[in-house]
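Undergrad: Here it is, the structure, as structure tokens.
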Amino acid sequence: MKQRYMEILKKVYPNLTPRDEAIFEEIMNDEGLGKCKPKFNLWGFLFGWFYLLYRHAYVEAVAVLIVSLMIGYFYLPGMVVINSLIGGFCYYFLYLNKFSMDVDRCGGVSFPDMECLKNKAKTNKWAVVFAVVLILILIWPVVYAIVTGHQLRTPQNPY
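Position one of the sequence shown corresponds to residue 0 (numbering that gives the first Met the number 0), numbered consecutively onward.
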């Protein structure tokens, strides 16, 4: 089963390098799912959950974001550190589990629909653009207050 998953992964993963192929093969267990074995990915480390959005791993990206926000609630710099560490060292694990779900949705391991898998494996720049715009909209009041010197909280408006 592991060999079949690797064959499918080689056909549908965009720009699969020999290093990525070796890492995927190393962390893949017999059922095709990833083992949580820390392997470094530079793009995942630099961009965290944005890179997962770019790779169509939406559920995984939201999970990384939620964990980062929970850590950031207690210690703000920890949010960036956790985001980078999870994105950098767990990218292959998260992507393999997403890939396994995609294979199940697209016909199973025996006779997968390759076009369906290729569509799910494509990269998506618009998800990242949407996330950046959403973040900018959410932090705009703070940025506006910093730039103009306007106070967001006044005695008349404590909220």
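We treat Cβ as the ideally placed atom computed from N, Cα and C, and that holds for glycine.
Owing to the predicted nature of the structure, the values given are computational and were not obtained by experimental measurement.
What first and last residue would you give for the alpha helix (DSSP H) that runs through residue 161?
TA: Residue 161 lies beyond the residue range present for the chain, which begins at 0 and ends at 158; the question has no answer from this structure.
Undergrad: Thinking C-beta only, is residue 87 closer than 9 Å to residue 45?
TA: Residue 45 sits at position 46 when you count from the first residue of the sequence shown. Residue 87 sits at position 88 when you count from the first residue of the sequence shown. Cβ distance < 9 Å, so residue 45 and residue 87 count as in contact.
Undergrad: Round the Cβ separation of residue 94 and residue 56 to the nearest angstrom and send it over; I've been treating them as touching at under 8 Å.
TA: For the purposes of this step, residue 94 is identified with residue 95 of the sequence shown, where counting begins at 1. For the purposes of this step, residue 56 is identified with residue 57 of the sequence shown, where counting begins at 1. Right, the Cβ-Cβ distance comes to about 6 Å (below 8 Å), so this counts as a contact.
Undergrad: Please report the Cβ distance between residue 60 and residue 51, rounded to the nearest whole angstrom; I am assuming they are in contact, meaning their Cβ atoms lie under 8 Å.
TA: Translated into the one-based positions of the sequence shown, residue 60 becomes position 61. Translated into the one-based positions of the sequence shown, residue 51 becomes position 52. Right, their Cβ atoms sit about 4 Å apart.
Undergrad: If the criterion is Cβ atoms closer than 9 Å, does the pair residue 42 and residue 63 meet it?
TA: Against the sequence shown, residue 42 aligns to sequence position 43. Against the sequence shown, residue 63 aligns to sequence position 64. No; because the gap between Cβ atoms is not below 9 Å, this pair is not in contact.
Undergrad: Run through the DSSP bridge pairs and tell me what residue 159 is partnered with.
TA: A query on residue 159 cannot be resolved here, the shown segment of the chain reaching from 0 to 158 and no further.
Undergrad: Taking contact to mean at least 3 C-beta pairs separated by less than 8 Å, is the stretch 115 to 128 in contact with the stretch 9 to 27?
TA: Enough Cβ pairs lie closer than 8 Å, so yes.
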